[in-house]
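J.: The structure follows.
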Amino acid sequence: MGIQPITLQPSFTARFPPLARATAQSPFRIQLIHGDAVVPTPEAEAAAGQTGVSLPAPWSSIGSSAQCAIQGLYHLGRVLTYQGHFEFDTFVNGELAQEFGRRAGWSGAVMAEYLEQIYRSRVPGLKDDDDAQAAAEAVLMFFAGEDVDLMCYGGSGILTPPLD
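Structural data, given as structure tokens:
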């Protein structure tokens, strides 16, 4: 819930320059919120925080956090997902959390803790202090096909959408 530090995989950030500034010392930060309750398995808890999660090729994890070993998935030129919500600012996330809390019957203490985690990136009168813009830029690059190295396709074939 709220802003959580995410360590991005260098192989992922190499394809998306706006994300390259995120490092282990300065992790990627976007809003996280989920209206469901996730009960991790012992295997998932053991894997949380690991950066070397193994997935079948050509899939890769975009990064990890202390809570979740896979913070998104990437398949070159095909799929890009984030666990977090770069499209939500602190206002939207705060409103969602309050609605989730109302529906789930969260205590005042739980709600206060979640709102603190959400609002920690708020800067009154300015943009939130997070990496939402860099995440959005990476999505635009992905949709534009800028993550695809044409040489990996041998320079022939049809790319969708066509590149000018």
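In the numbering used here, the protein residues as written are 1451 to 1614.
Don't be surprised by glycine CBs; every beta carbon is placed ideally from N, CA and C.
#1: Leaving aside the five residues before and after Asp1581 along the sequence, list all residues of the same chain whose C-beta is less than 6 Å from its C-beta, in chain order.
#2: Using alpha carbons as the reference points, say which of Gly1575, Pro1460, Gly1551 lies closest to Leu1565.
#3: For Ser1510 and Phe1462, which I take to be in contact (beta-carbon distance under 8 Å), what is that distance rounded to the nearest angstrom?
#4: Between the C-alpha atoms of Gly1575 and Pro1468, what's the straight-line distance to the nearest angstrom?
#5: When we look at the beta-carbon of Phe1593 and count the other beta-carbons within 10 Å, is it buried (16 or more) or exposed?
#6: Quick one: measure Cβ to Cβ for Ile1483 and Ala1586, integer angstroms, because I've assumed they're closer than 8 Å.
#7: Whether or not the region 1566 to 1573 and the region 1512 to 1530 are in contact is what I'm after, with contact meaning three or more pairs of Cβ atoms, one per stretch, closer than 8 Å; do they touch?
#8: Provide the residue span of the beta strand (DSSP E) that contains Ser1510, from first to last.
#9: Enumerate in chain order the residues of its own chain whose CB-to-CB distance from Ala1472 is below 7 Å, with the five nearest sequence positions on each side excluded.
#10: Just to confirm the assignment: which complete alpha helix (DSSP H) runs, minimum length 4, are found wholly within the region 1528 to 1558?
#11: If I measure Cβ to Cβ from Gly1604 and keep anything under 8 Å in the same chain, skipping five residues before and after, which residues do I get?
#12: For Ile1453 versus Gly1513, is the C-beta spacing smaller than 7 Å?
#13: From the DSSP output, in three-state form, read off Ile1480 for me.
#14: Roughly how many angstroms lie between the CA atoms of Asp1578 and Gly1558, to the nearest whole one?
#15: Keeping to the same chain, check which residues put their C-beta closer than 6 Å to that of Tyr1532; ignore five residues upstream and five downstream.
#16: Is Phe1536 buried or exposed, if buried means 16 or more other CB atoms sit within 10 Å of its CB?
#17: Using the DSSP secondary-structure output, state which residues sit across from Pro1455 in a beta bridge.
T.: In terms of the structure at hand:
#1: In the sequence shown, counting from the first residue as 1, residue 1581 sits at position 131. Listed in chain order, the non-local C-beta contacts of Asp1581 below 6 Å within the same chain comprise Phe1478, Arg1479, Ile1480, local neighbours out to five positions each way being set aside.
#2: Here residue 1565 is taken as the residue at index 115 of the sequence shown, counted from 1. When only C-alpha atoms are compared, the closest one is Gly1551.
#3: Taking the sequence shown and counting its residues from 1, one reaches residue 1510 at position 60. Taking the sequence shown and counting its residues from 1, one reaches residue 1462 at position 12. That belief holds up - the Cβ atoms of Ser1510 and Phe1462 are roughly 7 Å apart, short of 8 Å.
#4: Position 125 of the sequence shown, counted from the first residue, corresponds to residue 1575. Position 18 of the sequence shown, counted from the first residue, corresponds to residue 1468. Put simply, the backbone Cα of Gly1575 is about 24 Å away from that of Pro1468.
#5: As a position in the sequence shown, residue 1593 is number 143, starting the count at 1. Per the 10 Å Cβ criterion, exposed.
#6: Translated into positions along the sequence shown, residue 1483 becomes position 33. Translated into positions along the sequence shown, residue 1586 becomes position 136. Not confirmed; about 17 Å, so no contact.
#7: By the C-beta criterion, the region 1512 to 1530 is judged not to be in contact with the region 1566 to 1573, since fewer than 3 inter-stretch pairs fall below 8 Å.
#8: The residue given as residue 1510 occupies position 60 in the sequence shown. 1509 to 1511 is the span of the beta strand (DSSP E), which, as asked, contains Ser1510.
#9: Here residue 1472 corresponds to residue number 22 of the sequence shown, with the count starting at 1. Here the set comprises Leu1458, Thr1463, Phe1478, Asp1581.
#10: 1540 to 1554
#11: For the purposes of this step, residue 1604 is taken as the residue at position 154 of the sequence shown. In this prediction, Gly1604 has a pLDDT of 49, which is less than 50 and means its spatial position is unreliable; what the coordinates show is noted afterwards. Closer than 8 Å at Cβ, skipping near neighbours: no residue.
#12: In the sequence shown, counting from the first residue as 1, residue 1453 sits at position 3. In the sequence shown, counting from the first residue as 1, residue 1513 sits at position 63. The answer is no: Cβ separation not under 7 Å.
#13: For the purposes of this step, residue 1480 is identified with residue 30 of the sequence shown, where counting begins at 1. If DSSP states are grouped into helix, strand and coil, Ile1480 belongs with the strands.
#14: Along the sequence shown, one-based indexing puts residue 1578 at 128. Along the sequence shown, one-based indexing puts residue 1558 at 108. Taking the straight line joining both Cα atoms gives about 25 Å.
#15: The residue you call residue 1532 lines up with position 82 of the sequence shown. Closer than 6 Å at the Cβ level, and outside the excluded window around Tyr1532, lie Gly1522.
#16: Along the sequence shown, read from residue 1 onward, the residue named residue 1536 stands at position 86. When all chains shown are included, Phe1536 counts as buried.
#17: Numbered from 1 along the sequence shown, position 5 holds the residue referred to as residue 1455. Paired residues: Arg1479.
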